[in-house]
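Residue numbers for the sequence shown follow our numbering, beginning at 5 and rising by one.
By construction, the Cβ of each residue, glycine as well, lies at the ideal position given by its N, Cα and C atoms.
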Amino acid sequence: MDAGPADLDRLAAAVAASARYRHVCPDLVRSIGACELGRRRSLKQAIKATKDRLHQAAGAYVERRTDYAAHLAALRQAAETGEREPFLQACAQAMASHTSSRERLPILGQFYATTLAGLSPLRSVLDVACGLNPLALPWLPLAAGAAYYAYDIYEDMMAFVSEFLRLAGMAGEARAVDVIAHCPARHVDLALLLKAIPCLERIDAAAGAHLLDTIAADHLLVSFPVRSLCGVAKGMPQSYEAHFVELIAGRGWAVRRFQFASELAFLVSR
Ligand SMILES: C[S@@+](CC[C@H](N)C(=O)[O-])C[C@H]1O[C@@H](n2cnc3c(N)ncnc32)[C@H](O)[C@@H]1O
Numbered sequence: 005m006d007a008g009p010a011d012l013d014r015l016a017a018a019v020a021a022s023a024r025y026r027h028v029c030p031d032l033v034r035s036i037g038a039c040e041l042g043r044r045r046s047l048k049q050a051i052k053a054t055k056d057r058l059h060q061a062a063g064a065y066v067e068r069r070t071d072y073a074a075h076l077a078a079l080r081q082a083a084e085t086g087e088r089e090p091f092l093q094a095c096a097q098a099m100a101s102h103t104s105s106r107e108r109l110p111i112l113g114q115f116y117a118t119t120l121a122g123l124s125p126l127r128s129v130l131d132v133a134c135g136l137n138p139l140a141l142p143w144l145p146l147a148a149g150a151a152y153y154a155y156d157i158y159e160d161m162m163a164f165v166s167e168f169l170r171l172a173g174m175a176g177e178a179r180a181v182d183v184i185a186h187c188p189a190r191h192v193d194l195a196l197l198l199k200a201i202p203c204l205e206r207i208d209a210a211a212g213a214h215l216l217d218t219i220a221a222d223h224l225l226v227s228f229p230v231r232s233l234c235g236v237a238k239g240m241p242q243s244y245e246a247h248f249v250e251l252i253a254g255r256g257w258a259v260r261r262f263q264f265a266s267e268l269a270f271l272v273s274r
């Protein structure tokens, strides 16, 4: 349709009024919305298409009514015990509210111990399209005084992660950002791009290549799911691996491959 700024305002307001997407950072809604207004025949169709794309990239992974306040209270209570085990349990319980980190829980210790073995204690970590993975930081080999930078599109989720970082005594920040439009360029020891490339490429087909170009990290841990959200595995690891090989072709980076029951990971060192 031939849309003007008022149509984009109406679209953004309609998306913000839906319970599922009201916490999504407005820049991303407007950038997807502008593209859909150009492709669809009516405002109604463009609103539906915008919500569909947000669902595929993000909404499908988040539980509808995640009670962040309750998770924070449980984490504070666990922290007050001064013991590691109750804190780990509270972290795992919170991570279960996001499909991506929930899938990783059964292999969490093994996942980080294997992929990051041999790296010196990390002084800085960037977690791109992080979901609730920052709650896995007690499983990471962090140096004393390390900083953690975490970005995803949900304002409520990032407010929670920000409180969590404070509770865990971490420097750094958690912020709601569209990492495609504003890829964090700060230099870090390790960047995590976990199961994120397929989601981001649903918004912008060039997002994977752009992030690999822009992220400034000595090491980059990139992963892909081995089956879809509805459990279908058909050829997924093979096609994601082929895509990743294509993305990094000609860059001369050292890459190590790790296959887990629920995730295929690559540690890139450069
Ligand atoms: C499959 S999940 C992976 C989450 C996390 N990295 C993990 O593996 O546990 C994809 C994440 O990308 C986030 N996301 C989607 N589009 C984004 C964008 N444009 N900017 C930042 N985050 C985005 C979603 O909200 C979702 O949390």
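For His223, the residue or residues it bridges with in DSSP: Leu194 and Ser273
Range of the contiguous alpha helix (DSSP H) that encloses Asp3: The structure shown does not extend to residue 3, since the chain is modelled only from 5 through 274, so no value can be given for it.
Delimiting residues of the alpha helix (DSSP H) encompassing Gly113: Leu112 to Thr119
Alpha-carbon spacing of Arg44 relative to Ala50, whole angstroms: 6 Å
Contact the segment 158-175 vs the segment 65-83: 3+ CB pairs below 8 Å: yes
For Leu144 and Tyr116, believed in contact at Cβ under 8 Å, the rounded distance: 6 Å
Among Leu141, Pro125 and Asp156, nearest to Val148 - alpha-carbon criterion: The sequence given here has Ala at residue 148, not Val. The candidate whose alpha carbon is nearest that of Ala148 is Pro125.
Expected contact under 8 Å - CB spacing of Leu32 and Leu15 to nearest Å: Wrong, their Cβ atoms sit about 13 Å apart, outside the cutoff.
Closer than 8 Å: Val192 CB and nearest ligand 1 heavy atom: no
Ala200 CB to nearest heavy atom of ligand 1 below 8 Å: yes
Inter-stretch contact (C-beta, 8 Å, three-pair minimum) for the segment 157-165 and the segment 216-233: no
Spatial distance of Ala10 from Leu47 (CA atoms): 11 Å
Closest Cα partner of His59 within the set Ser266, Leu204, Ala94 and Leu225: Leu204
Distance cut-off 8 Å: Leu32 Cβ against heavy atoms of ligand 1: yes
Min CB distance Ser46 to chain C below 9 Å: Looking for chain C here will not work: only one protein chain is present.
Cβ neighbour criterion (16 or more within 10 Å) applied to Arg108: buried
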